[in-house]
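Inspection log for the structure reproduced underneath, given as structure tokens.
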Amino acid sequence: MGTHTLLCLPDACILMSNFVILLYLLFVFPGMISAHPCSTVFCSQKSSIPIRFPFSLESNPHYQDCGYPGFSLKCTGLGKTVLKIPRSGEFFLRDVSYAKQQIWLYDPGNCLPARLMKLNLSGSPFSCPHHLEFTFLSCPKNQTSESGIIYCLSNNRDVVLATYNKLWADLMTSLYCKIIGTAQVPISQRIRPSRGYLIDLNKDIPLSWHDPDCKTCESKRGVCSFKSNSTKKIGCSNMKSDNKAHLIAMVVTLSITLPTFACGLGIWCHRNKRRSSRSSTSDQAVAHPAFSVSRQGFLGFSSLPPPPPPPPPLPDRDDNSGTSQRGVTSQSTDVPAHLAEMIIQSFPKLVVGDSRHMTRPNGNDDVCAICRSKYRQKDILKILPRCDHCFHAKCVDDWLRIKIECPICRNSTFFP
Numbered sequence: 001m002g003t004h005t006l007l008c009l010p011d012a013c014i015l016m017s018n019f020v021i022l023l024y025l026l027f028v029f030p031g032m033i034s035a036h037p038c039s040t041v042f043c044s045q046k047s048s049i050p051i052r053f054p055f056s057l058e059s060n061p062h063y064q065d066c067g068y069p070g071f072s073l074k075c076t077g078l079g080k081t082v083l084k085i086p087r088s089g090e091f092f093l094r095d096v097s098y099a100k101q102q103i104w105l106y107d108p109g110n111c112l113p114a115r116l117m118k119l120n121l122s123g124s125p126f127s128c129p130h131h132l133e134f135t136f137l138s139c140p141k142n143q144t145s146e147s148g149i150i151y152c153l154s155n156n157r158d159v160v161l162a163t164y165n166k167l168w169a170d171l172m173t174s175l176y177c178k179i180i181g182t183a184q185v186p187i188s189q190r191i192r193p194s195r196g197y198l199i200d201l202n203k204d205i206p207l208s209w210h211d212p213d214c215k216t217c218e219s220k221r222g223v224c225s226f227k228s229n230s231t232k233k234i235g236c237s238n239m240k241s242d243n244k245a246h247l248i249a250m251v252v253t254l255s256i257t258l259p260t261f262a263c264g265l266g267i268w269c270h271r272n273k274r275r276s277s278r279s280s281t282s283d284q285a286v287a288h289p290a291f292s293v294s295r296q297g298f299l300g301f302s303s304l305p306p307p308p309p310p311p312p313p314l315p316d317r318d319d320n321s322g323t324s325q326r327g328v329t330s331q332s333t334d335v336p337a338h339l340a341e342m343i344i345q346s347f348p349k350l351v352v353g354d355s356r357h358m359t360r361p362n363g364n365d366d367v368c369a370i371c372r373s374k375y376r377q378k379d380i381l382k383i384l385p386r387c388d389h390c391f392h393a394k395c396v397d398d399w400l401r402i403k404i405e406c407p408i409c410r411n412s413t414f415f416p
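See below:
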């Protein structure tokens with residue numbers, strides 16, 4: 001019983017390890033099993049910008065069909081989220097509000113005023129909710145104060161200023177400044193410039209989108225997505241329902257996995273047990289008219305393959321009576337020598353097993369009565385019919401070629 005259990009342990013460990021891995025994937029990475037393929041992603045673990053519909057991620061081929069046209073994002077090697085506006089280039093994404101449908105952008109080169117002078121939102125789904133028209137002026141450095149200078153556009157001789165006040169711009173150009181450009185600058189509704197020029201144009205650009213309209217869905221704490229890839233119609237899914245569906249999926253998965261695992265483990269152990277039994281008793285014991293040997297052998301003995309061809313006859317020997325014999329002689333019966341040899345070789349043989357101990361009904365225990373030596377493991381024994389006494393095969397063969405009777409009980413009825 002212990003041997004069978006040990007044989008089953010390695011395979012049981014393999015099944016158990018596979019089951020533990022399955023549970024780990026099920027609970028630690030539930031998205032791998034039942035999450036929607038368009039679930040929320042991030043550019044890095046430290047990123048605070050969730051990427052989900054209507055945005056898509058270029059670097060993930062499985063995520064490209066999750067976004068609305070014009071809302072494609074990509075990630076930098078440093079984990080920054082990048083939005084490319086067709087006619088204005090790439091900007092870093094500072095924040096996004098899905099409820100208000102707004103984003104805040106900033107310049108990767110830290111010179112946002114230069115980007116604002118060339119900002120063109122045509123061809124993109126984004127627009128400026130609030131904006132002011134600014135005039136950009138280049139003025140001599142020694143003729144202006146330090147306030148309002150755009151340093152990334154200035155140099156040692158001239159400085160660049162920006163103003164939304166046309167009267168102030170006209171006044172400055174009539175004195176010593178020149179206009180280098182105008183631009184519609186997006187501003188937040190909360191910002192109200194109180195002077196003739198904006199204090200800081202390096203603040204983030206606020207942009208908004210109107211299509212697709214998911215404000216109602218977001219207000220209900222739902223998530224917008226395509227109903228299907230073919231129709232491209234927008235639908236709203238309930239996060240609580242999705243979580244409930246995920247919980248149901250986990251319960252169903254466990255209810256199938258646990259019984260399957262237990263059943264598989266039982267079948268595996270049962271097969272190993274049977275395989276172990278077959279390997280330990282691959283050869284059945286030799287059938288005998290006087291007794292039968294069990295499947296596992298008789299007290300540690302296992303049967304041998306068919307006996308080899310008979311050996312050549314022994315040389316002439318003198319028995320106790322002093323008569324000379326050649327081959328097999330008969331003291332109690334007239335049996336031809338060749339027939340007697342065949343009968344001797346037909347007697348059942350056994351090989352001593354691990355126990356190295358036997359107890360026979362008429363037993364001579366574990367000692368050969370002919371040579372008086374104990375049986376050792378793998379010794380080949382021969383059983384005499386009728387009396388069931390065992391001896392070393394070689395010892396009893398030599399004995400029977402001289403005396404056709406049992407060395408112990410002197411029974412010779414096994415010869416015809």
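Quick note on the UniProt record's numbering: the sequence shown kicks off at 1 and runs consecutively. We put the CB at the ideal spot given by N, CA and C, even for glycine.
Three-state class that DSSP yields for Arg-401 in the structure shown: It is helical.
When Phe-92, Tyr-68 and Asp-65 are compared against Asn-74, the one with the closest alpha-carbon: It is Lys, not Asn, that sits at residue 74 in the sequence shown. Answer by Cα proximity: Phe-92.
CB-CB length for Gly-222 against Ser-237, believed under 8 Å: In this structure, Gly-222 and Ser-237 form a Cβ contact; the two beta carbons are roughly 6 Å apart against a cut-off of 8 Å.
Same chain, Cβ closer than 7 Å to Trp-399, neighbours up to 5 away in sequence not counted: Cβ within range, chain order: Ile-370 and Pro-407.
Distance cut-off 8 Å: Gln-143 Cβ against heavy atoms of the ligand MG: This structure does not include the ligand MG; it has no bound ligands of any sort.
Span of the beta strand (DSSP E), counted from its first residue to its last, around Cys-217: For Cys-217, there is no enclosing beta strand (DSSP E); the residue is found in the alpha helix (DSSP H) stretching over 215–219.
Euclidean distance between Cα positions of Phe-347 and Asp-388: Distance between the alpha carbons of Phe-347 and Asp-388 is about 11 Å.
Alpha-carbon to alpha-carbon, Ser-124 and Ser-210: First, the residue type needs correcting, since residue 210 is His and not Ser in the sequence shown. Separation of His-210 and Ser-124 (C-alpha to C-alpha, rounded to the nearest whole angstrom) is 11 Å.
Three-state secondary structure (DSSP) of Ile-408: Residue state for Ile-408 is assigned as coil, using DSSP reduced to three classes.
Residue nearest to Asn-142 in terms of C-alpha spacing, selected from Arg-115, Cys-111, Leu-121 and Cys-177: The residue with the shortest Cα to Cα distance from Asn-142 is Cys-177.
CB-CB length for Val-120 against Ser-72, believed under 8 Å: The amino acid occupying residue 120 in the given sequence is Asn; Val does not appear at that position. In this structure Asn-120 is not in contact with Ser-72, their Cβ atoms being roughly 18 Å apart against a cut-off of 8 Å.
Residue range of the alpha helix (DSSP H) that includes Gln-102: Not the alpha helix (DSSP H): Gln-102 falls in the beta strand (DSSP E), residues 102–106.
Cα-Cα separation, Gln-101 to Ala-169: Cα-Cα distance, rounded: 35 Å.
Coarse secondary structure for Arg-94, derived from DSSP in three states: Arg-94: strand per DSSP, three-state reduction.
Rounded separation between Thr-257 and Ile-267 - CA only: Thr-257 and Ile-267 have their C-alpha atoms some 15 Å from each other.
Buried or exposed by the 16-neighbour rule on C-beta atoms within 10 Å, applied to Ala-99: With fewer than 16 neighbouring CB atoms inside 10 Å of its own CB, Ala-99 falls in the exposed class.
Exposed unless 16 or more other CB atoms sit within 10 angstroms - verdict on Phe-298: With a pLDDT of only 38 at Phe-298, under the threshold of 50, the placement of this residue in the model should not be trusted, and no figure is reported.
Residue of Ser-48, Cys-43, Cys-368 and Trp-104 minimising C-alpha distance to Leu-78: Taking only the C-alpha atoms, the option nearest Leu-78 is Cys-43.
Which residues DSSP lists as bridging residue 417, in chain order: Any property of residue 417 remains undetermined from this structure, which presents the chain solely from 1 to 416.
Buried or exposed (CB count within 10 angstroms, at least 16 for buried), Met-172: By the C-beta density criterion, Met-172 is buried, having at least 16 other C-beta atoms within 10 angstroms.
For Ile-49, the nearest candidate out of Pro-69, Cys-66, Ser-122 and Val-82 (CA to CA): For Ile-49, the closest of Pro-69, Cys-66, Ser-122 and Val-82 by C-alpha to C-alpha distance is Val-82.
Length of the line joining the Cα atoms of Leu-384 and Ala-262: Cα-Cα distance, rounded: 51 Å.
Contact under 9 Å by Cβ, Thr-135 with Lys-166: Yes. Within cutoff.
For Gln-45, three-class secondary structure by DSSP: Annotated three-state conformation of Gln-45 is coil, per DSSP.
Trp-209 - partner residues in DSSP beta bridges: The secondary-structure analysis by DSSP pairs Trp-209 across a beta bridge with Phe-126.
Contacts around Cys-139, its chain only, beta-carbon distance under 7 Å, and the 5 residues preceding and following it disregarded: Closer than 7 Å at Cβ, skipping near neighbours: Asp-158, Val-159, Leu-161, Met-172, Tyr-176 and Cys-177.
Nearest-angstrom Cα separation, counted from Ser-228 out to residue 424: Residue 424 lies beyond the residue range present for the chain, which begins at 1 and ends at 416; the question has no answer from this structure.
Bridge-paired residues (DSSP) for Ile-85: Answer is Gly-89, bridged to Ile-85.
Close-in-space but distant-in-sequence residues of the same chain around residue 422 (CB under 6 Å, 5 per side omitted): With the chain represented from 1 up to 416, any question about residue 422 goes unanswered, as that position is not in the structure.
Arg-52 versus Lys-118: straight-line alpha-carbon distance, rounded: About 29 Å.
Start and end residues, beta strand (DSSP E) containing Ala-369: That residue, Ala-369, is in no beta strand (DSSP E); it is neither H nor E in DSSP.
With 16 other Cβ atoms within 10 Å as the buried cut-off, status of Asp-107: Asp-107 comes out buried.
Buried/exposed call for Ile-248, threshold 16 Cβ in 10 Å: Ile-248 should be labelled exposed.
Cβ distance (whole Å) where Leu-105 is taken to contact Asp-204 below 8 Å: The Cβ separation is near 6 Å, so the contact holds.
Closest Cα partner of Ser-59 within the set Thr-76, Asp-95 and Arg-376: Out of Thr-76, Asp-95 and Arg-376, Thr-76 has the C-alpha closest to the C-alpha of Ser-59.
When Ile-103, Cys-38 and Gly-264 are compared against His-128, the one with the closest alpha-carbon: Rather than His, the amino acid found at residue 128 in this sequence is Cys. With respect to the C-alpha of Cys-128, the residue from Ile-103, Cys-38 and Gly-264 having the closest C-alpha is Ile-103.
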